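Heads up, the thing below is written out as structure tokens.
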Amino acid sequence: TELPRAELRRPYQATLQAVGGITPYHWEITSGSPPPGIVLGTDGTLSGSASQPGDFRFTVTLSDGAKPAHQLNREFTLSVVTPLLAEWGRPPKVNGQRLEGSIKVSNATDHDFDLTMVALAVAENGRATAVGYQRLKVASGAVGTELPFAQDLPFGTYQLNVDVVAEVASTQAIYRARLVPDQPIKVEQGP
């Protein structure tokens, strides 16, 4: 049985339901496990904040208050998604004096995002140059929306920071992601 999906590091709550039998009911996980950070209360409420994405399968045993107790086992799957995923589309590279690349963003929520991407190249002296800025709507379920960036830069070594902020006005949720290349970016004079 599928449960409502959880979003990584966001509060989650879902209550399992039972009909029939004799109250009070007692719920417990008897095999598998829910995502780290999510627990099942004896009242049948799954709650917490998932700390790891993925699909988690577990079996819940429901016991009623009869003597002897009646039991029912049911397997559940709880999917934990990363609401905002940002990854390199085209990793940053230098072409002459031009720094260029792209990121890809995905929206795994049930709501459209108002998304802002800012890419800054920070020189060794601390001077920051905007190499990319975009603000756009990213639809619910969108996968791999590509956002390019490019800018000519003076010679030097730069730390590139690509920050992405996604807002959902209706739920007042804000999601953030940051991409930073493994190595500083060098814009050098050719041979």
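Under this note's numbering, the first residue of the sequence shown carries the number 96, and numbering increases by one thereafter.
Backbone N, C-alpha and C fix where the C-beta goes; we use that ideal spot for every residue, glycine too.
Everything numeric in this text was worked out from a predicted model, so none of it was measured.
Close CB contacts of Val-189 within its chain, under the 6 Å cut and outside five residues either way in sequence, are with Val-282 (chain order). Judged by beta-carbon spacing, Ser-144 lies within the 8 Å limit of Pro-106, meaning their Cβ atoms are closer than that value.
Two segments are said to touch when three or more pairs of C-beta atoms, one from each, lie closer than 8 Å; by this definition the region 253-261 touches the region 215-228. When the five nearest sequence neighbours on each side are left out, the beta carbons in the same chain lying within less than 7 Å of the beta carbon of Asp-150 are those of Thr-172 and Ser-174, in order along the chain.
DSSP places Val-275 in the coil class of the three-state scheme, outside both helix and strand. For Thr-110, the enclosing beta strand (DSSP E) has its first and last residue at 106-110.
Using a Cβ distance threshold of 8 Å, Tyr-120 and Ala-113 count as a contacting pair. A distance below 8 Å separates the beta carbons of Val-200 and Ala-181. Straight-line spacing of the CA atoms in Asp-277 and Trp-183 works out to 12 Å. The alpha-carbon of Ile-269 is positioned some 20 Å away from that of Val-275.
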